[in-house]
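Following: one structure in structure tokens, then a few remarks.
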Amino acid sequence: MQPPNLPPNLKDPRLTLFAFHLLHDITQKPQDGAKGADRLWKQVAGLGDILEVNLLKHLPGLLKSAERQIADPSIYQELFHPNPFLPFYSHSSSERPKLTGEVYPVQIHDTYGLDLTLHYSDISQPIACDRLSELNPKGCLLPQFIQAELGQTLLLFAQPEAIPDDPATLADRCVAALLQNTDYILVQDSTNRAKNSVGRVAGGQLFKGPIFEYQTINAESTNPSNNCHILVWFNYHPQTATKAGQAYRDLLQLLCYRAKICHQAYQSQFFVDCAREEYIKLEQKINFFDQLLIPTNKQLENLKKLINELPVLAFKLSYYRRNIEDCRTTIAANAKNFDARLADIRKLTLPPDNLDFWENFRKLECKNYLKQIDVNLQYLEGGQKLFDQAIATIRGIAELEQTERDRNIDRNIAIFGFGIGAAGVVASGSASYAGVIQEISPVNNYVSFWQLNDAQAHLVVTINFSLLAGAVASLITAGVIATFKNSKFTHSSPKLPP
């Protein structure tokens, strides 16, 4: 029996990194990889320097041809053939013992998946649980280094040398060792919201082996690519390892669907925040719209400017709303896939296995994600209607203002037209009345004062009386138009009851 003051020993501890990265999105063809789709492989290549494994350094090159040879991206694809698991060995040093591992890259629908497993080369010697940081040197398997777009899960699978009285306490100690000398800290109190706090959030039993779930619990963990998600699974029963091998592919896909659900929930909230910013801009425009109702010289120009700006905001709001709806569809689809894989794992379970923590993720967290998205969509629907109503109202006011201006222009043209016409008639008939007008005393005095001859006097009389006739005709025309307009408005207006 192990002395109580020594750290518990583990037999053949294996640390597996499951990381997931989007291959392409809905706007791209399946054969076209998304920008940065190979980032996961490049990050794993960086592990080659830390772990001193040359094979990992060349992983992007090994996979480059595989990316172009995907026959059907809609199914589960192993990227290495004929042996899908590629073994590797690290060099031992004074700081780290020799490690052995395997890398297993796959494609699951539109997602790249990675299984990178590390364990000690000498599996005959038990390892103190406090030494588990040797499997995660410099925190190289944590999210801050891997940066998988959809997130990741670290799975520690180990057999305790002696069955502990409290496996949860042993699991805590293992996680604390894995996080040693990293930016993450293990906290026992789930209310501790310090930055990069990791806490135990659930526990259960799988294939007669206790399994515990840990994840980042601080408020900054909304982005799944930064979320530290860890599973600690103890090998208690002779069938645990056998059943784990049989359920391996289902487990890998289960974690993939979980990562995609969390990522889409995060994406939907991101789009909601973007839509809220556009909604705030709309409200500012509407507040400015009240000022535009006050008649000014630039009222029409400001209305037209607002008409040009609002459709852009409305388009952005529709774009974000569509993306949120796509997130909802993706979450619902992956929740069904999660259910299917969980059902396959349940077929292999051994009494008294307990997978409630995964069942709760499906029934509670996924349901909450979908419910929150529905609430956000209802909120944005009201905003979209407000956009449409504002655009229609402003366009109507602008059209009325433009029509009124056009009418004013037509009225002025008519007034000046009648004036010019009257002046022309007077000018053309000046020969018959110019002499008579010139005999009028004021006119005669004016001609004598300026010492005008007959031709000059005739010209002056013609011009002045043409202008006078044009002005009178214009005034009469304006009065007739105004009278007709008022009469038309009076007859067309509804009469209110007394």
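The sequence shown: position 155 = 154 (numbering that gives the first Met the number 0), numbered continuously. Beta carbons are placed, not taken as given, at the ideal position from N, Cα and C, and that holds for glycine.
Leaving aside the five residues that flank residue 44 on each side, the residues in its chain whose CB is nearer than 8 Å to its CB run, in chain order, 55, 56, 57, 58, 59. When secondary structure is reduced to three states using DSSP, residue 18 falls in the strand class.
Straight through space, the alpha carbons of residue 271 and residue 230 are spaced by roughly 31 Å. In this structure, residue 255 lies near residue 19, with their beta-carbon atoms less than 7 Å apart. Listed in chain order, the beta strand (DSSP E) runs fully inside the stretch 154-239 are 196-205, 208-215, 229-233, counting runs of at least 3 residues. Of the other Cβ atoms in all chains shown, 16 or more fall within 10 Å of the Cβ of residue 198; this residue is therefore buried. For residue 50, the enclosing alpha helix (DSSP H) covers residues 38-50. For residue 146, there is no enclosing alpha helix (DSSP H), as DSSP marks it with neither H nor E. Comparing alpha-carbon positions, the option among 372, 235, 318 lying closest to residue 12 turns out to be 235. In the three-state scheme derived from DSSP, where H, G and I count as helix and E and B as strand, residue 348 is classed as coil. A straight-line Cα-Cα distance of about 34 Å links residue 244 and residue 188. Bridge pairing for residue 311: absent [DSSP]. Taking all protein chains shown into account, residue 126 has 16 or more neighbouring C-beta atoms within 10 Å of its C-beta and is therefore buried. A direct Cα-to-Cα measurement between residue 338 and residue 330 gives close to 12 Å. Secondary structure at residue 76: strand, using DSSP grouped into helix, strand and coil.
For residue 17, the closest alpha carbon among the candidates 49, 80, 36, 105 is that of 105. Of the candidates 9, 474, 475, 9 places its Cα closest to the Cα of residue 232. According to the DSSP secondary-structure assignment, residue 102 is paired through a beta bridge with 85, 115. A check of alpha carbon separations from residue 282 across 313, 257, 372, 123 identifies 313 as the nearest. Annotation: residue 201 to residue 237 spans about 24 Å, alpha carbon to alpha carbon. By the Cβ test, the stretch 109-118 is in contact with the stretch 247-262, since at least three Cβ pairs between them sit closer than 8 Å. Annotated as proximal: residue 128 and residue 6, with beta-carbon spacing under 7 Å. Within the model, the alpha-carbon separation for residue 157 versus residue 171 is close to 14 Å. At least 7 Å separates the beta-carbon of residue 81 from that of residue 150. The shortest C-alpha to C-alpha distance from residue 391 to any of 309, 361, 325 is the one to 309. Nearest Cα to residue 99 within the set 108, 107, 116, 84: 116.
Contact check for residue 221 against residue 265 passes: the beta carbons are separated by less than 7 Å. When DSSP states are grouped into helix, strand and coil, residue 367 belongs to the helix group.
Burial of residue 36 is indicated by the presence of at least 16 other C-beta atoms within 10 angstroms of its C-beta.
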